[in-house]
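Presented below is the structure to which this report refers.
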Amino acid sequence: MKEEQGMVDLLEYALKIGERKYDEERDREDALISQASQMQTVFSIVTAVLLGAAAIFADHRGNIPTLFFIISISIIIATIGASLVLSSIVQWRFKTQVLPDLSELRKYTFESDEWESITGKTAQQKQYYQLLQDVQTEKCRLNDRRVRLIIASIICFWASIAESVIAFIIGLYLITS
């Protein structure tokens with residue numbers, strides 16, 4: 011009896027940690043989606059500034075060849091556009107594994123021929139632990155994907171800024187020569 015109580019206590023402890031980890035993954039998902047939204051706001055502002063600057067440079071381009079100007083703007087817009095697309099994908103609510111619906115749980119338990127195998131507290135906790143583990147693992151996998159997409163989006167954003175600076179420096183050189 012003491013050994014069974016020890017197992018029940020151990021499972022309660024594991025479930026407490028598992029539930030906390032799942033809550034952290036849900037919070038992490040919300041934070042990543044919020045970060046992607048904030049990134050889109052910044053990227054949109056930078057895009058508006060770059061397009062505004064491009065319009066001014068187009069009117070006063072002087073010795074800058076049209077082909078250089080069009081190619082530079084196209085590369086910059088494509089890169090920042092990729093950044094915006096990536097940050098939009100981060101916000102997508104991917105289909106994920108969730109705890110079973112009550113109707114599904116009913117099939118698992120009450121309507122199952124093996125219902126007696128989960129009548130004890132230990133067996134119930136083990137079953138719940140397994141369900142929680144599956145859901146939490148999937149949530150973590152999707153959040154890790156979101157992190158990679160955010161990193162790629164940030165890289166594209168900084169690449170577009172670098173491309174803008176390089177195009178500006180080359181443009182100044184072409185104007186002065």
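Here my numbering = 1-based position in the sequence shown + 10.
Glycine included, each C-beta is placed from N, C-alpha and C at the ideal position.
Count the other CB atoms within 10 Å of the CB of residue i; is the residue buried (16 or more) or exposed (fewer)?
i: glutamate 173; result: buried
i: serine 47; result: exposed
i: lysine 149; result: buried
i: glutamate 35; result: buried
i: phenylalanine 104; result: exposed
i: isoleucine 180; result: exposed
i: leucine 60; result: buried
i: isoleucine 161; result: exposed
Do residue j and residue i have their beta-carbon atoms positioned less than 8 Å apart in this structure?
i: leucine 142; j: leucine 25; result: yes
i: leucine 152; j: threonine 89; result: no
i: phenylalanine 167; j: serine 93; result: yes
i: alanine 64; j: isoleucine 81; result: no
i: serine 187; j: serine 97; result: no
i: glycine 62; j: glutamine 146; result: no
i: phenylalanine 78; j: alanine 68; result: no
i: isoleucine 185; j: isoleucine 74; result: yes
i: threonine 132; j: valine 18; result: yes
Using 7 Å as the cut-off, classify the Cβ of residue i as near or not near the heavy atoms of the ligand ATP, replying yes or no.
i: leucine 184; result: Although the ligand ATP was asked about, the structure shown includes no ligands whatsoever.
Restricting to Cα atoms, I'd like to know which of the options is closest to residue i.
i: glutamine 101; options: Glu148, Gln15, Arg38; result: Arg38
i: tyrosine 139; options: Phe67, Ile74, Tyr32, Met49; result: Tyr32
i: tyrosine 183; options: Leu77, Ile55, Gly72, Gln134; result: Gly72
i: glycine 16; options: Ile160, Gln135, Ile171; result: Gln135
i: isoleucine 85; options: Ile185, Gly181, Ser170; result: Ser170
i: glycine 91; options: Asp144, Leu109, Met49, Ser113; result: Met49
i: alanine 58; options: Lys12, Ile87, Arg116; result: Ile87
i: glutamate 14; options: Lys117, Gly130, His70, Val175; result: Gly130
i: leucine 109; options: Thr76, Lys117, Asp144, Arg116; result: Asp144
Kindly indicate the opening and closing residues of the alpha helix (DSSP H) around residue i.
i: serine 187; result: Segment: none, serine 187 is in no alpha helix (DSSP H) and carries neither H nor E.
i: leucine 25; result: 12-69
i: glutamine 101; result: 76-101
Counting beta carbon pairs with one atom in the region 34-43 and one in the region 145-161, are three or more of them shorter than 8 Å? yes
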